[in-house]
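Residue numbers for the sequence shown, in the working numbering: 500 to 884. Note that CB positions come from ideal geometry on N, CA and C, so glycine has one too. Right, one structure below, let's go through it.
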Amino acid sequence: MKVKKFSASNNQEVMMKVRNELGPDAIIIHQRKIKPKGLLGFLKKPMIEVVAAKEDEKPIRPLMANNENESVEKIFKMTVDNMKNDKVEKTTIDKEVDEIKGMLTTVISKINKQELPDLIKTIENQEISKLFHVLKEQEVDEILIEEILQKCISIQKNNAEEEHQNELIKREITKIINKYIIAYKRNANSKIMVFMGPTGVGKTTTIAKLAAHYALNEGKTVGLISADTYRIAAVEQLKTYSDILNIPLEVIYNPSEIHYAVNQLNDRDIIMVDTAGRSHKNESQILELKKLLNEIDEKETYLVISCTCKSNDIKEIISTYSFINNYNIILTKIDEATTFGTIINIAKETKKPICYLTTGQSVPDDIEKTNVDKIVSLLMKEAKQ
C-alpha cells in the first residue's frame with residue numbers, strides 16, 4: 500500500500516492532487532485543516548491536508564488479518580519515509596505518529612473485512628465527493644452518511660442538470676434527517692418539568708430561558724425548584740433569575756422534600772425542577788437522581804446535553820440515562836460547537852424528541868425549537884450565526 504500526504508488551498512485542489520498521483524481508487528485516511536508555516540502563516544487562510552493511500556496492484560490475501568500488526572508496522576514505516584521525503588519536520592512526524600498508526604490499523608481492518616463502502620470509490624461528481632468529506636468532518640454517523648450518499652448518487656445518475664441536482668440533493672438530505680427527528684409536543688397535563696444532565700452543560704441557564712419564555716411569551720405562571728445544592732452558585736444563579744422574572748423559587752436538600760416544594764407551588768401552571776449536574780460515571784449520583792425522579796409521579800423529563808461534548812462521551816451519557824423510558828432532549832452550546840453531526844446522531848441513537856437548541860447565553864432569546872432546515876444548514880456549513 501502506498502501512503503502519501505497532500506496539501507492544497509481547497510478541497511477540490513487537494514483531491515485533484517490525490518487523484519492525479521494515486522488514481523481514482525485512492526482511500527482517504529485522514530483530512531484536516533492546517534495553518535500555513537512561516538512567520539506570517541497566521542495571516543494566511545488554512546490549508547487542507549489529506550493523508551491518502553492506494554492499495555497494491557496484487558490483491559490482499561484473505562489471511563492478511565493474521566499478520567495485521569506486521570502489515571501496519573510496514574505501512575507505518577512507509578508513511579514516515581514518505582513524510583521525510585516530503586521534508587516534513589521531525590517534530591510534526593512525532594506528533595502524528597500514533598494518530599496515523601491507529602488510522603492505518605483501522606483501514607487495514609476494514610479492507611480485510613470488506614467494510615469500506617464501494618460507493619465511496621465510485622463517486623465522480625465533485626459536489627457529492629465534497630459532501631462526503633463535509634459529513635465526515637461533521638462526525639455524522641457512517642451508516643447515515645452512506646444512506647445520504649446512496650440517494651445523492653441516484654439523483655446524480657437520473658438528473659442531468661447540475662443546478663436541479665443540487666436542489667434535489669438538499670431536499671433528499673432534509674427528508675433523511677427529518678426521518679430521525681421526532682416531533683416534540685409538550686404534555687399539557689404534566690405541569691412538572693424536570694431537567695437533568697452532566698455538569699457544565701448549561702441546565703440552569705436553559706431553565707431560565709424556558710421560564711422566561713413561558714412567563715413572558717405564553718403568559719403562564721411559573722415556579723422554580725432547585726435540587727442543585729451541591730453548587731452554591733447554581734442556587735444563586737437560579738435565585739437571580741427568579742427575582743428578575745418575579746417567579747417563586749423553592750430549594751430542596753433531599754429527594755423527599757420535593758413533595759413540600761411542589762405543594763408550595765401548586766397554584767402555578769408550570770413547575771421547573773433544576774437537578775444537580777451528575778457525572779455519568781458516578782453511580783451514587785445517578786442513584787440519587789433516580790430517587791428524586793421516583794418521588795414525582797406526573798412529570799416530563801428533559802436530558803440536557805452539550806453539543807461540545809465528544810461523541811464517545813455522548814454515547815456514555817445516553818447509556819447512563821437509559822433507565823428513563825420517556826424523556827426529551829435539549830441540546831446546548833450550538834454556538835460553541837465545531838461539528839453538528841452530534842444532533843442527528845443523538846436523534847438516531849435515542850429515538851427521543853430533540854425539543855430545543857440553545858445558541859448563546861442571552862436569556863430568554865438564545866433558545867429555539869428544533870428545526871430540520873436549521874440542522875441541514877449547520878451540517879452543510881450554510882448556517883449564518
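Under a three-way DSSP split, which group does T858 fall into?
Here T858 sits in coil by DSSP.
From the DSSP output, in three-state form, read off T820 for me.
The question names Thr, yet the displayed sequence has Tyr at residue 820. Residue state, collapsed to three classes: helix.
For the beta strand (DSSP E) containing S725, name the first residue and the last one.
Here the beta strand (DSSP E) through S725 covers 721 to 725.
Check whether the segment 675 to 691 touches the segment 702 to 712, counting contact only when three or more Cβ pairs, one atom from each stretch, lie closer than 8 Å.
Segments in contact, no.
Using a 10 Å radius around the Cβ and a threshold of 16 neighbouring Cβ atoms, would you call T837 buried or exposed?
With fewer than 16 other Cβ atoms within 10 Å, it is exposed.
Compare the beta carbon distance of Y886 and V862 with 8 Å and say whether it is the shorter of the two.
Outside the modelled stretch of the chain, which goes from 500 to 884, sits residue 886, for which no answer is possible.
For the structure I just gave you, are there three or more beta carbon pairs, one from the segment 713 to 720 and one from the segment 817 to 826, closer than 8 Å?
The segment 713 to 720 is not in contact with the segment 817 to 826.
Please check the pair Q637 and L878, which I expect to be a contact at CB under 8 Å, by giving their CB distance rounded to whole angstroms.
Taking 8 Å as the upper bound for CB-CB distance, Q637 and L878 are in contact here, some 5 Å apart.
E646 - partner residues in DSSP beta bridges
None; E646 has no bridge partner.
Consult DSSP for Y801 and reduce its assignment to one of helix, strand or coil.
In the structure shown, Y801 sits in a strand (DSSP, three-state: E or B).
Assuming P754 and K790 form a contact by the criterion Cβ under 8 Å, report the distance between their Cβ atoms to the nearest whole angstrom.
Confirmed, about 4 Å.
Quick one: is E835 buried, meaning 16 or more other Cβ sit within 10 Å of its Cβ, or exposed?
Label assigned to E835: exposed.
Taking L744 as the reference, give the member of M514, L709, T774 with the closest Cα.
The residue with the shortest Cα to Cα distance from L744 is L709.
If you drop the 5 nearest sequence neighbours on each side, which residues of the same chain put their C-beta closer than 7 Å to that of L538?
Residue placement at L538 is flagged as unreliable, the pLDDT there being 39, under the threshold of 50; the coordinate-derived value follows with that caveat. Here the set comprises nothing.
Under 8 Å between the Cβ atoms of T849 and G701?
For T849 and G701, no; Cβs fall outside 8 Å.
Can you check which of these residues, L792, T774, I724, is closest to V761 by C-alpha distance?
Nearest option by C-alpha distance: I724.
Segments of 3+ residues assigned as beta strand (DSSP E) that fall wholly inside the segment 680 to 717
Runs found: 691 to 695.
From I843 to P852, what does the alpha carbon distance come to, in whole angstroms?
Straight-line Cα distance between these residues: approximately 11 Å.
What's the call for G699, buried or exposed, on a 16-neighbour Cβ count within 10 Å?
Its Cβ having fewer than 16 others within 10 Å, G699 is exposed.
For A726, count the other beta carbons within 10 Å of its own beta carbon; 16 or more makes it buried, fewer makes it exposed. Which is it?
Buried: at least 16 other Cβ atoms inside 10 Å.
Could you have a look at Q637 and say whether DSSP puts it in helix, strand or coil?
Three-state result, Q637: coil.
Compute the Euclidean distance between the alpha carbons of E735 and T800, then round it to the nearest angstrom.
Cα to Cα, E735 sits roughly 23 Å from T800.
Per DSSP, what are the beta-bridge partners of S506 in this structure?
Beta-bridge pairing links S506 to E548.
Since I770 and I829 should fall inside the 8 Å C-beta cutoff, what is the C-beta to C-beta distance between them, to a whole number of angstroms?
Not quite, the Cβ-Cβ distance comes to about 17 Å (not below 8 Å), so this is no contact.
Would you check if the distance between the CB atom of G722 and the CB atom of I757 is smaller than 8 Å?
Not in contact: G722 and I757 (Cβ atoms no closer than 8 Å).
By DSSP, does R670 sit in helix, in strand, or in coil?
Looking at R670 - three-state DSSP - the assignment turns out to be helix.
Beta-carbon of N811 versus every beta-carbon of chain C: anything under 8 Å?
The structure shown contains no chain C; it holds only a single protein chain.
Taking the beta strand (DSSP E) that N827 belongs to, which residues open and close that run?
It spans 827 to 831 - the beta strand (DSSP E) in which N827 sits, taken as one unbroken run.
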